[in-house]
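**Q** Sending over a structure as structure tokens; questions will come in a sec.
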Amino acid sequence: MQYELVLLTFLPLLGALAIVFTPKGAERLQRLAALATTLVVAALGVRLFLAYGDSASDPGRFLFELPWFSLPSSYGADTAVNFKLGLDGVSLLMVTLTAVLMPIVILSTWGHVHKRVKEFMVWMLVMQTGMLGTFLALDLVLFYFFWEISLIPLYFLIGIWGGERRLYATVKFFLYTLAGSLVMMVAIIWILWTRGTSDVFELINILCRAPLEEQLWLFVAFALAFGIKVPLLPFHTWLPDAHTEAPTSGSVVLAGVLLKMGTYGLVRFCIHMLPGAAIEAAPVMMALGAIGILYGALLAWAQDDLKRLIACSSVSHLGYVVLGLFALTPAGINGGMLQMVNHGISTGLLFLLVGMVYERRHSRALDAFGGVAVAMPLFALFWVITTLSSVGLPGLNGFVGEYLVLVGAFQASPLWAIVGLSGVIFGAVYMLMATRRMLFGALDKPENRELTDLNAREIGLMLPLVVLVVWLGVSPNTFMAKTQPSIELVNLRIAEARRAALAGLDAAPTAPATQREESAR
Amino acid sequence: MPPSPSHAWLWWIPLLPLIGSVLCGALHLATLSARKRDPQAKGPAGLAPLIACAAMAGALALAVKGLFDLRALDAAARILNSTSWEWITVGDPRQPWFEVDLRLVLDPLSSTLGLVITGVGLLIHIYASGYMKGDAGYAKFFAYLNLFVFAMLMLVLSSSLLGVFVGWEGVGLCSYLLIGFWYEKGWPAEAAQKAFITNRVGDACFLIGSFLLLRLFGTLDMHEIVARMGADFRLDAVSDDVKLNIALAALFLFGGCCGKSAQMPLFTWLPDAMAGPTPVSALIHAATMVTSGIYLVVRLNPLFASSPAVMTLISGVGVATALIGGSTALVQRDIKKVLAYSTVSQLGYMFLGLGTGAFGAAVFHLVTHAFFKALLFLGAGSVIHGMHEEQDMHKMGGLRKHMPQTFATFLAGAAALSGLPLMSGFFSKDEIIAHTFNSGGVYYAFWIVGGLTAAMTAYYTWRMVALTFFGPERFDHHHVHPHESPAVMTVPLMVLAVLSVFGGVLGLPPVFHVAHVLNDWLAPVVAPGVAILNQLHPHEHLSHATEWVLLGLGAAVALAFAHTGFRTYSAGPEPDLAIGRGAPGVAAFLGDAWSIDSAYSRVVILPLRVFAFVVRFIVDQVVIDGLVNGAGSLAKNFALRARGMASGQLDAYALWMGGGAAVISLWWMWS
Amino acid sequence: MNVPSEHLFFLSAGLFSLGVLGFLVRRNVIVTLMCVELMLNAANLAFLAASRMHSTPESLDVQGPVFSIFVITVAAAEAAVGLALVIALYRLKQSVETDSASEMKG
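Chains A, B and C, in that order, give the protein sequences. Offset between the first sequence (1-based) and our numbering: plus 3. Offset between the second sequence (1-based) and our numbering: plus 103. Offset between the third sequence (1-based) and our numbering: plus 3.
Written out as structure tokens, the structure is:
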């Protein structure tokens with residue numbers, strides 16, 4: 004069972020290697036090989052999800068550990084860096100999403116990747132390894148390693164197969180994210196030097212006792228890196244450019260998974276590992292999240308490029324995630340984590356749909372459309388379902404996450420919850436405006452009259468996501484139940500830190516809070 | 104948790120229409136693929152109305168069964184619970200931080216509304232099978248219609264506020280889909296968008312109300328909340344802070360009601376919603392969806408009753424809306440617009456009644472209004488259908504000879520709406536007016552405005568009848584041949600006509616010395632609210648004399664203004680044109696619903712749009728991205744200048760080397 | 004006559020400064036190399052002067068002269084390499100000016 008995690012993480016890399024050795028020009032083989040690899044990884048991911056139970060009952064099952072190397076430290080002994088992969092409730096949903104989303108992404112490339120197919124597939128698979136590794140890494144250095152690895156493939160994907168301003172967009176994305184990561188690296192080096200361990204769970208127990216000032220500095224460093232990735236206002240400007248210029252599949256992966264690496268980092272490191280600082284910084288983070296919701300929505304409303312509109316809507320939706328997470332209430336954190344998955348699915352679907360219409364029409368301007376629903380009724384059906392999911396219609400996935408976030412946020416700060424609530428109104432404004440300009444109205448432009456509706460491949464790749472949209476909306480407990488025990492640990496940490504703050508100390512008591520924590524290690 | 108047994112069959116009431124919707128949707132998809140092969144193919148769309156009506160009939164049958172089951176129970180314990188379903192659970196399932204369970208509850212209130220929804224809904228479904236025949240989206244229409252009924256039933260049957268919200272937004276969605284049903288025309292899509300977004304503003308208020316309730320009571324189960332504010336609840340024993348929170352929760356929930364029930368200031372979407380097919384206007388925008396707000400207030404009656412300020416606000420908003428709606432309907436030319444503004448106005452009456460504490464009266468008016476307004480809309484649809492999609496009353500006239508059944512039933516509806524004596528609308532409106540009069544204080548002013556609006560109602564209703572069915576025929580006889588609609592459309596009209604005329608038996612006033620059926624039926628539901636109102640300011644009932652006077656006054660006003668309206672317009676639309684010439688400003692102001700919509704565009708939407716552009720072009724592009732790109736160009740410029748250091752000149756390098764060596768040796772010597 | 008050691012240091016400093024100045028200012032590469040030699044020899048003088056300072060009639064300090072021999076050797080090697088470079092530069096650029104070659108600009 005342990006080796007499953009290694010297999011899951013490195014199978015895409017092996018697939019990439021295999022594709023490297025395929026002969027030049029064997030496009031069909033390369034595509035099918037990539038598809039096959041990602042399908043196997045998806046199967047593994049789903050199997051892991053189904054098999055996952057409370058990690059406290061069998062801690063060794065979802066853990067894989069190998070000693071790696073050591074670094075000097077001021078702590079006494081050298082810091083041991085281990086190759087440690089592990090699955091717990093916090094990362095479960097993201098790992099499954101990454102695994103399941105990739106075959107869909109690969110399947111979508113049939114329509115828009117026509118040159119240098121081999122390199123494209125290789126970079127995609129390498130990126131999948133990077134993403135899975137980031138979520139599974141339970142060692143700080145290993146986490147940073149995988150974090151950085153996932154940057155490079157996207158740089159190439161945007162830079163080579165992207166739109167007109169692809170070089171500007173990709174350099175901006177790369178340098179911006181890298182700058183944040185370097186700040187995080189300083190924090191990591193500090194931790195390794197002063198604490199002598201690189202193990203995430205050990206650090207979770209150690210750093211909560213750190214003095215508040217130290218916690219805050221570390222928090223700022225980590226939050227900067229993750230905040231740029233999320234993207235959190237005001238570090239968001241790389242996102243619209245990157246999303247707009249990226250090829251469709253790149254956008255889907257970027258929106259679906261990569262942005263969630265930032266929010267995952269916020270939960271794992273900023274909140275769980277540094278709870279005292281999280282409590283201090285929560286008002287600021289909630290404010291940034293809430294204002295981001297409104298800002299992203301207004302920005303999206305003013306766009307006339309369809310893809311850029313959806314990119315700005317991402318800023319808005321991830322504002323919900325940050326608002327929920329930093330409400331630091333159980334409802335808020337659960338809502339934030341659920342929204343991470345929801346956003347991945349619904350925005351992924353939106354980008355897929357935009358890609359499909361772009362392949363036919365070669366234009367993303369809203370003015371180029373009008374009345375498309377008459378020519379493409381199936382497309383209209385999928386688009387409306389996805390819009391409703393994005394807008395948070397009860398019964399679909401977006402609502403559950405949104406409501407939990409708002410309830411949790413209201414418990415912490417009614418002001419920011421109400422600011423965030425504006426997203427309910429403005430979200431509908433820009434999405435419905437885009438829907439109306441694109442789909443409804445008279446079919447007056449002759450180019451639009453010849454548009455063909457979705458083919459079987461396109462329907463097939465969107466159908467699993469639509470099923471998830473409905474499933475998550477109607478029965479979110481199926482998914483949330485598995486993540487509860489781990490999120491409970493986060494809640495306990497926060498409660499502890501709050502008690503400590505009230506008692507006037509800036510360090511938490513030395514014993515771990517419950518039995519469950521001990522066995523989770 | 105309630106101790107009564109669980110009745111899982113209750114779930115079939117909303118689920119049957121949902122299944123019907125899915126099946127009709129499948130039929131539509133099949134029709135689409137059939138049409139891909141052969142553009143003229145009809146596909147299996149013709150089966151859709153059968154499935155949809157069967158689903159509705161099934162739901163109605165179950166609702167009737169529920170009614171009988173409830174009647175068999177003791178009055179104080181008239182409640183049927185369905186099985187519960189865990190929707191959202193945050194935390195350990197045994198001790199959750201937050202959980203939402205969906206459960207359906209049948210009690211007198213929800214069964215009354217359920218019967219209206221399924222009964223009137225079934226009639227409208229049958230009517231629609233004739234009205235929409237031949238439309239390209241025939242099956243799609245029924246899919247949406249059944250989906251709507253599912254959502255509406257979820258709204259009235261759910262025990263949890265969040266379950267209500269599922270239905271709340273669900274009906275908003277179906278409204279969007281159905282208003283924009285003929286989206287190829289362009290403006291229906293805009294109307295649909297406007298409806299959805301205006302509703303969303305109300306929904307945001309609803310959500311805030313739900314957060315406040317959760318904070319107050321720790322649960323979103325409405326029955327539990329009402330129980331806690333029930334028999335043992337004493338308002339004076341509650342702290343001021345809690346009272347403020349209750350008032351705020353009531354206020355925000357009322358804001359949600361304003362959106363859904365088209366009250367000031369969120370009513371502007373309803374007239375535009377007439378862009379949808381007429382059965383939609385009948386079902387959604389007259390009989391059911393717009394009544395959701397009234398349902399919510401009645402359901403949570405103790406919450407609202409606890410806050411006199413909010414109650415007065417509700418009445419005030421209601422009566423103001425009634426006035427605006429009524430006055431606007433006076434000058435409309437489109438027959439559907441008259442009915443739309445009339446609906447806005449009548450909904451205002453219902454809220455007026457709610458604000459006085461007459462919860463039962465408001466529900467009574469809701470039920471009678473469902474009957475006669477649906478009838479009027481369906482009749483108007485019959486007229487429009489027979490006139491080949493003409494909706495301008497100035498181009499109608501004399502249709503009573505061509506469409507006798509439509510005419511007869513339309514008369515019944517008009518009589519009920521205008522409140523002619525002994526019609527259902529007369530009794531329900533009178534009850535509200537009596538309660539308003541009885542409340543005293545500022546309510547006297549409301550009573551006067553309400554009376555004025557009643558006069559207007561009678562006037563515009565009979566104006567509409569006169570312009571449409573009487574007078575000279577003003578249409579082009581060569582191109583328009585008005586004809587009666589087929590039986591599938593006229594039979595529902597007749598059923599509704601009977602209900603409109605005789606529906607008053609549900610709520611005869613006390614002076615008749617007969618039991619008020621509906622008030623007795625709803626008594627256990629509204630008891631907590633009534634008890635709180637009695638704690639706040641107990642007042643006696645109206646004396647019989649006063650009641651007779653009010654009844655007489657109401658009848659007189661209705662008859663007088665009905666007669667005047669009819670007489671003025673029986674010869675044609677000349678008076679309209681006279682008003683247009685003589686007082687064009689007034690006519691324009693009234694015609695545009697007191698210019699509220701254009702005020703919105705100028706004061707709310709335009710500034711926001713400008714702000715959005717400012718955000719995009721200035722804040723994002725110039726300020727934030729300016730910083731980002733600025734950092735980039737800073738680095739680039741610095742690098743360019745620093746590059747100058749590598750001049751390739753040996754002496755320069757020599758100089759740097761020497762200087763560096765000097766600095767290092769000096770530093771070493773001095774440290 | 005007894006030359007005081009300080010005078011030797013002054014001379015060495017002066018020669019070194021002349022060497023540095025010449026190195027920085029002169030345009031001819033060969034002259035620059037000669038200035039480098041001057042600097043090295045000034046350093047040699049400083050070593051010898053220091054050695055003289057530290058030695059007593061009983062024990063002669065040999066560290067100074069030994070180091071000087073090392074420096075002379077290095078100077079010789081460096082002169083050889085430097086002149087070879089000058090010849091290579093002349094072959095390329097037909098000139099021995101320091102500013103004749105600036106290919107590494109930018």
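Here a beta-carbon is modelled for each residue, glycine too, at the ideal position from N, C-alpha and C.
Short check: CB of Val393 of chain B to CB of Ala353 of chain B, under 8 Å?
**A** Result no, Cβ atoms of Val393 of chain B and Ala353 of chain B do not sit closer than 8 Å.
**Q** Do the segment 303-316 of chain B and the segment 263-277 of chain B touch if we need at least three Cβ pairs shorter than 8 Å?
**A** Yes, they touch.
**Q** Listed from N- to C-terminal order along the chain, which residues in the segment 732-749 of chain B have their beta-carbon within a distance smaller than 7 Å of any beta-carbon of chain C?
**A** Taking 7 Å as the Cβ-Cβ cut-off against chain C, the residues of the segment 732-749 of chain B that qualify are Arg746 and Ala749.
**Q** Hey, would you say Leu399 of chain B sits closer than 8 Å to Leu356 of chain B, going by beta carbons?
**A** Going by C-beta atoms, Leu399 of chain B is nearer than 8 Å to Leu356 of chain B.
**Q** Do Gly265 of chain A and Lys232 of chain A have their C-beta atoms closer together than 8 Å?
**A** Yes, the pair counts as a contact, with Cβ atoms nearer than the cut-off.
**Q** List the whole-angstrom C-beta distance separating Gly632 of chain B from Ala408 of chain B, where the pair is believed to meet the contact cut-off of C-beta under 8 Å.
**A** Gly632 of chain B to Ala408 of chain B, Cβ: 4 Å. Contact.
**Q** Mind listing which residues of the segment 58-92 of chain A have their C-beta closer than 7 Å to chain B's C-betas, in chain order?
**A** So nothing in the stretch comes that close.
**Q** Taking only runs that begin and end inside the segment 348-402 of chain A, name each unbroken alpha helix (DSSP H) of 4 or more residues, in chain order.
**A** The segment 348-402 of chain A contains these whole alpha helix (DSSP H) runs: 375-378 and 380-394.
**Q** Please list, in chain order, all residues of the same chain as Ile551 of chain B whose beta carbon is under 6 Å from its beta carbon, the five residues on each side excluded.
**A** Excluding residues within five positions, none has a Cβ falling inside 6 Å.
**Q** For Pro291 of chain B, which residues from the same chain have a beta carbon less than 8 Å from its beta carbon, with the 5 sequence-adjacent residues on both sides left out?
**A** Contacts found: Ile282, Gly283, Phe284, Trp285, Ala378 and Gly379.
**Q** Indicate the three-state DSSP secondary structure (helix, strand or coil) for Glu643 of chain B in the structure shown.
**A** In this structure, Glu643 of chain B counts as coil in the three-state DSSP scheme.
**Q** Can you pull out the residues from the segment 172-190 of chain A whose beta carbon lies closer than 8 Å to at least one beta carbon of chain B?
**A** Taking 8 Å as the Cβ-Cβ cut-off against chain B, the residues of the segment 172-190 of chain A that qualify are Lys175, Leu178 and Tyr179.
**Q** With distances taken Cα to Cα, identify the nearest neighbour of Glu40 of chain C among C:Asn31, C:Val23, C:Val28 and C:Ala53.
**A** Considering only alpha carbons, the answer is C:Val23.
**Q** How big is the Cα-Cα spacing for Val594 of chain B and Pro405 of chain B?
**A** Rounded to the nearest angstrom, the two C-alpha atoms are 41 Å apart.
**Q** In whole angstroms, what separates the C-alpha of Arg367 of chain A from that of Tyr433 of chain A?
**A** Distance between the alpha carbons of Arg367 of chain A and Tyr433 of chain A: 16 Å.
**Q** Hey, how far is the Cα of Leu135 of chain A from the Cα of Leu257 of chain A?
**A** Distance between the alpha carbons of Leu135 of chain A and Leu257 of chain A: 14 Å.
**Q** With 8 Å as the threshold, decide whether the Cβ of Pro333 of chain A is near any Cβ in chain B.
**A** Yes - at least one Cβ of chain B is within 8 Å of the one on Pro333 of chain A.
**Q** Count the other CB atoms within 10 Å of the CB of Tyr78 of chain A; is the residue buried (16 or more) or exposed (fewer)?
**A** The residue is exposed, with fewer than 16 neighbouring Cβ atoms inside 10 Å.
**Q** From the beta carbon of Leu769 of chain B, is the nearest beta carbon of chain C less than 8 Å away?
**A** No - not a single Cβ of chain C is within 8 Å of the one on Leu769 of chain B.
**Q** Which runs of the beta strand (DSSP E), 3 residues or longer, sit entirely within the segment 184-261 of chain B?
**A** Correct list: 188-193 and 201-205.
**Q** Phe475 of chain B and Thr424 of chain B look like a contact to me (Cβ under 8 Å); what is the Cβ gap, rounded to whole Å?
**A** Actually they are not in contact, since the Cβ atoms of Phe475 of chain B and Thr424 of chain B sit about 19 Å apart, beyond 8 Å.
**Q** Can you name the residues of chain A whose CB is closer than 7 Å to the CB of Phe714 of chain B?
**A** Neighbours of Phe714 of chain B on chain A, chain order: Leu301.
**Q** Please compile the residues from chain B whose C-beta is within a distance smaller than 7 Å of the C-beta of Pro234 of chain A.
**A** Near Pro234 of chain A there are no residues of chain B at all, since even the closest Cβ is about 11 Å away, more than 7 Å.
**Q** Beta-carbon within less than 6 Å of Asp204 of chain B's beta-carbon, same chain only, minus the 5 sequence neighbours each way: which residues are those?
**A** Ser187 and Glu189.
**Q** In its own chain, which residues sit with a C-beta less than 8 Å from the C-beta of Ile22 of chain A, not counting the 5 before and 5 after it?
**A** Within the same chain, Ile22 of chain A has close Cβ partners Gln33, Ala36, Ala37, Lys121, Met124, Val125 and Leu128.
**Q** The alpha helix (DSSP H) with Glu68 of chain A in it runs from where to where?
**A** Where Glu68 of chain A is concerned, there is no enclosing alpha helix (DSSP H), although the beta strand (DSSP E) it sits in stretches over Leu66 to Leu74.
**Q** Answer with yes or no whether the minimum CB distance from Lys96 of chain C to chain B is below 8 Å.
**A** Closer than 8 Å: no.
**Q** Since Glu100 of chain C sits in a beta bridge, which residues does DSSP pair it with?
**A** Partner(s): C:Asn31.
**Q** Considering only the beta carbon of each residue, do Leu520 of chain B and Phe510 of chain B sit closer than 8 Å?
**A** It is not a contact, given that the beta carbons lie outside the stated cut-off.
**Q** I want to verify the contact list: residues of chain A whose CB lies under 7 Å from the CB of Trp200 of chain B, in sequence order.
**A** Within 7 Å Cβ-Cβ: Pro333 and Ala334.
**Q** Express the C-alpha separation of Met37 of chain C and Gly17 of chain C in angstroms, rounding to a whole number.
**A** Distance between the alpha carbons of Gly17 of chain C and Met37 of chain C: 16 Å.
**Q** Whose CA, out of B:Val329, B:Lys440 and B:Ala659, lies closest to the CA of Gly522 of chain B?
**A** The shortest C-alpha separation from Gly522 of chain B is found at B:Ala659.
**Q** Please state if the CB of Met276 of chain A and the CB of Leu206 of chain A are separated by a distance shorter than 8 Å.
**A** Closer than 8 Å, so yes.
**Q** Please classify Asp308 of chain A: does DSSP put it in a helix, a strand, or coil?
**A** Correct three-state label for Asp308 of chain A: strand.
**Q** Over what stretch of residues does the beta strand (DSSP E) that includes Leu88 of chain A continue unbroken?
**A** Element bounds for Leu88 of chain A: Thr82 to Gly89.
**Q** With DSSP collapsed to three states, give me the class of Asp495 of chain B.
**A** DSSP places Asp495 of chain B in strand when its eight states are reduced to three.
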